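*Asks:* Below is a structure I'd like to ask you about.
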Amino acid sequence: MKFMLITNNPKLASYAKKCGVGRIFIDLEVNGKQKRQGHLDTLISQHLMSDIPVVKKSINDLELLVRLNPLHNNTQSEVDQAIELGSDLLMLPMFYSANELHEFSRIVDGRVGIIPLVETHNAMLDMHNIVKVSGLSEIYIGLNDLHLDMGLKFMFEPLENGIIDKVVEVIRPTNIPFGFGGIARVGEGVIPGELVLAEHIRLGSSSVILSRTFHRSGNDMRGFAENINLKLELDKLFLKIDGLKCRSSEKIERDRLNMQVSIRQVIKKKL
Numbered sequence: 001m002k003f004m005l006i007t008n009n010p011k012l013a014s015y016a017k018k019c020g021v022g023r024i025f026i027d028l029e030v031n032g033k034q035k036r037q038g039h040l041d042t043l044i045s046q047h048l049m050s051d052i053p054v055v056k057k058s059i060n061d062l063e064l065l066v067r068l069n070p071l072h073n074n075t076q077s078e079v080d081q082a083i084e085l086g087s088d089l090l091m092l093p094m095f096y097s098a099n100e101l102h103e104f105s106r107i108v109d110g111r112v113g114i115i116p117l118v119e120t121h122n123a124m125l126d127m128h129n130i131v132k133v134s135g136l137s138e139i140y141i142g143l144n145d146l147h148l149d150m151g152l153k154f155m156f157e158p159l160e161n162g163i164i165d166k167v168v169e170v171i172r173p174t175n176i177p178f179g180f181g182g183i184a185r186v187g188e189g190v191i192p193g194e195l196v197l198a199e200h201i202r203l204g205s206s207s208v209i210l211s212r213t214f215h216r217s218g219n220d221m222r223g224f225a226e227n228i229n230l231k232l233e234l235d236k237l238f239l240k241i242d243g244l245k246c247r248s249s250e251k252i253e254r255d256r257l258n259m260q261v262s263i264r265q266v267i268k269k270k271l
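According to full-length UniProt numbering, the sequence shown is numbered sequentially starting from 1.
Structure below.
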C-alpha cells in the first residue's frame with residue numbers, strides 16, 4: 001500500500017519519506033474547487049507551481065504527484081511547466097469522459113505518468129473507455145467530489161452502495177493499479193482508519209491519501225511533530241495491512257458488513 005501525503009512543505013515531505021510515506025502530493029487544483037467544496041469542512045490547498053522543484057529536491061527519488069486543474073485553455077502550459085519543474089506524475093481532476101482524458105494524455109505525450117482522478121458520475125459510467133486511454137500509471141477514485149456529484153449524503157457512501165465494487169470490476173482485469181479516498185489514523189476518523197483499510201485490501205487497492213488526522217491541518221515541521229508521530233502511525237497501518245491480508249473469506253465479509261453499518265450510521269445522522 002502506497003500512502004500519499006498532500007504537502008508543499010519540503011521539510012515535511014522529506015520527513016514523511018523517512019517515515020514511510022510512498023508518494024508526495026502537490027495540489028494545484030483551484031478552478032471550480034471553492035464552488036464545489038467551499039461549504040464543506042474540506043482542505044482546499046494553496047499550493048503553487050513554484051513548490052514543485054523545491055519539494056522534489058527534498059524527496060529525491062520518491063514519487064511526486066501533482067494535481068493540475070481540470071482541462072481548460074491553459075492546460076498545455078500547465079502540463080509543460082509542471083513536467084519541466086520535476087513532476088513524476090500528473091493528475092487530471094473533474095473530467096467527465098474518456099475523451100477529455102484522451103486529450104490530456106495527448107498533451108502529456110508520454111513524458112510522465114498520468115493518474116486520472118475519477119470523481120464524477122459520468123466518468124464512472126465511462127470507465128470501460130477510461131481504462132483504455134494510453135499513458136495511465138494508476139487510476140484514483142475521489143470519493144469527496146464523487147458523492148457530491150451523485151447527490152449522496154456521505155463521501156464513503158459509494159463503498160456502501162456497491163458503486164466502488166462495480167468500478168473495480170472494470171479496472172481489475174486491466175492490471176492498472178488503483179486507489180480511492182482518504183484514510184484516517186487507526187482508531188480515528190468518522191470511519192476509523194482500520195475499517196477503511198480493510199476495504200482497500202478487500203478490493204485490491206494499492207494507494208490512499210492520508211487524511212487531516214495525520215497532521216491536524218498543520219503544514220510546518222514544528223506543528224506536525226507536536227501533533228503526531230508519523231512513523232508510529234504509519235507503522236500501525238502497515239501492521240494492520242499484514243493482518244488484513246491473512247483474513248479468511250468469512251472475516252473479509254464480516255469486515256465489509258461492519259464498514260457498511262458504520263457508513264449507514266453516519267448517513268442516518270445526516271438525515
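Built from N, CA and C at the ideal position, the CB exists for glycine as well.
Fair warning: this is a prediction, and the values are worked out from it, not measured in the lab.
Quick one, are the C-beta atoms of residue 55 and residue 26 less than 8 Å apart?
*Replies:* Working through the sequence shown from its first residue, we reach residue 55 at position 55. Working through the sequence shown from its first residue, we reach residue 26 at position 26. A contact, by the Cβ cut-off of 8 Å.
*Asks:* In chain order, what residues of the same chain have a beta carbon less than 6 Å from the beta carbon of residue 242, not counting five sequence neighbours either side?
*Replies:* What you label residue 242 is simply residue 242 of the sequence shown in a count that begins at 1. Same-chain partners within the cutoff: there are none.
*Asks:* Run through DSSP, which three-state label would residue 112 get?
*Replies:* To locate residue 112, count along the sequence shown from 1; it is residue 112. Note: residue 112 maps to coil in three-state DSSP.
*Asks:* Quick one: complete alpha helix (DSSP H) runs, 4+ long, within the UniProt domain "HpcH/HpaI aldolase/citrate lyase" (7-153)?
*Replies:* 10-19, 33-37, 51-59, 75-84, 98-108, 121-125, 127-130 and 143-149
*Asks:* Determine the DSSP secondary structure at residue 180, reduced to helix, strand or coil.
*Replies:* Sequence index remark: in the sequence shown, residue 180 carries index 180 (1-based). Strand.
*Asks:* State the Cα-Cα distance for the pair residue 86 and residue 110, rounded to the nearest angstrom.
*Replies:* One-based indexing of the sequence shown puts residue 86 at position 86. One-based indexing of the sequence shown puts residue 110 at position 110. Roughly 15 Å separates the two Cα atoms.
*Asks:* Between 160, 159, 10 and 129, which has its C-alpha nearest residue 171's C-alpha?
*Replies:* Sequence index remark: in the sequence shown, residue 171 carries index 171 (1-based). When each option's Cα is compared against that of residue 171, the closest is 129.
*Asks:* Nearest to residue 141 by alpha carbon, out of 224, 179, 175 and 147?
*Replies:* Translated into the one-based positions of the sequence shown, residue 141 becomes position 141. Ranking the options by Cα distance to residue 141, first place goes to 179.
*Asks:* Which stretch, first to last residue, makes up the alpha helix (DSSP H) that contains residue 262?
*Replies:* Here residue 262 refers to the residue found at position 262 of the sequence shown. 249-270 is the extent of the alpha helix (DSSP H) around residue 262.
*Asks:* In angstroms with no decimal places, state the Cα-to-Cα distance between residue 18 and residue 271.
*Replies:* Here the question's residue 18 lines up with position 18 in the sequence shown. Here the question's residue 271 lines up with position 271 in the sequence shown. Rounded to whole angstroms, residue 18 to residue 271 spans 43 Å at the Cα level.
*Asks:* Quick one: using the 10 Å Cβ neighbour count with 16 as the cut-off for buried, is residue 106 buried or exposed?
*Replies:* Your numbering for residue 106 matches position 106 in the sequence shown. Answer is exposed; the Cβ neighbour count stays below 16.
*Asks:* If contact is defined by three or more beta carbon pairs under 8 Å, each pair taking one atom from either stretch, is the stretch 139-155 in contact with the stretch 259-268?
*Replies:* yes
*Asks:* Could you pull the start and end residues of the beta strand (DSSP E) that residue 208 belongs to?
*Replies:* For the purposes of this step, residue 208 is taken as the residue at position 208 of the sequence shown. Run containing residue 208: 207-210, per the beta strand (DSSP E) assignment.
*Asks:* Measure the alpha-carbon distance for residue 65 versus residue 89 and round it to whole angstroms.
*Replies:* To locate residue 65, count along the sequence shown from 1; it is residue 65. To locate residue 89, count along the sequence shown from 1; it is residue 89. Cα to Cα, residue 65 sits roughly 5 Å from residue 89.
*Asks:* Once the 5 residues before and after residue 185 are set aside, which same chain residues still bring their CB inside 7 Å of it?
*Replies:* The residue you call residue 185 lines up with position 185 of the sequence shown. Once the five neighbours on either side are set aside, the close Cβ partners of residue 185 are 193, 213, 214 and 233.
*Asks:* Go to residue 166, then tell me how far its alpha helix (DSSP H) extends in each direction, as first and last residue.
*Replies:* The count along the sequence shown starts at 1 and reaches residue 166 at position 166. Start and end: 163-171.
*Asks:* Whole angstroms is fine: what's the gap from residue 136's alpha carbon to residue 176's?
*Replies:* In the sequence shown, the residue the question calls residue 136 occupies position 136. In the sequence shown, the residue the question calls residue 176 occupies position 176. Their backbone Cα atoms lie some 8 Å apart in a straight line.
*Asks:* Consult DSSP for residue 156 and reduce its assignment to one of helix, strand or coil.
*Replies:* Taking the first residue of the sequence shown as 1, we reach residue 156 at position 156. Three-state result, residue 156: coil.
*Asks:* Between the Cα of residue 134 and the Cα atoms of 101, 260 and 230, which residue gives the shortest distance?
*Replies:* Reading the sequence shown from its first residue, position 134 is the one you call residue 134. The shortest Cα separation from residue 134 among 101, 260 and 230 belongs to 101.
*Asks:* Taking residue 341 as the reference, which of 63, 181 and 197 has the closest Cα?
*Replies:* Nothing about residue 341 can be read from this structure; the chain reaches only from 1 to 271.
*Asks:* Using the DSSP secondary-structure output, state which residues sit across from residue 4 in a beta bridge.
*Replies:* Here residue 4 corresponds to residue number 4 of the sequence shown, with the count starting at 1. The beta-bridge partner set that DSSP reports for residue 4 consists of 23 and 209.
*Asks:* Quick check on the DSSP output: the alpha helix (DSSP H) that includes residue 245 runs from which residue to which?
*Replies:* The residue labelled residue 245 in the question sits at position 245 within the sequence shown. No alpha helix (DSSP H) contains residue 245, which DSSP labels as neither H nor E.
*Asks:* Considering only their Cβ atoms, is the gap separating residue 48 from residue 294 smaller than 8 Å?
*Replies:* Since the first residue shown for the chain is 1 and the last is 271, residue 294 is missing from the structure and cannot be characterised.
*Asks:* Where does the unbroken alpha helix (DSSP H) through residue 196 begin, and where does it stop?
*Replies:* Within the sequence shown, the letter at position 196 stands for residue 196. It spans 193-203 - the alpha helix (DSSP H) in which residue 196 sits, taken as one unbroken run.
*Asks:* Taking the Cβ atom as the reference point for each residue, do residue 120 and residue 146 lie within a distance shorter than 8 Å?
*Replies:* The residue labelled residue 120 in the question sits at position 120 within the sequence shown. The residue labelled residue 146 in the question sits at position 146 within the sequence shown. Against a cut-off of 8 Å, the Cβ pair of residue 146 and residue 120 comes out as a contact.
*Asks:* In its own chain, which residues sit with a C-beta less than 6 Å from the C-beta of residue 252, not counting the 5 before and 5 after it?
*Replies:* By one-based count along the sequence shown, residue 252 stands at place 252. So the qualifying residues of the chain are 202.
*Asks:* I believe residue 29 touches residue 93 by the beta-carbon criterion, under 8 Å. Please report the beta-carbon distance rounded to the nearest angstrom.
*Replies:* Locating residue 29 in the sequence shown gives position 29, where the first residue counts as 1. Locating residue 93 in the sequence shown gives position 93, where the first residue counts as 1. Yes, residue 29 and residue 93 are in contact; Cβ-Cβ is about 5 Å, under 8 Å.
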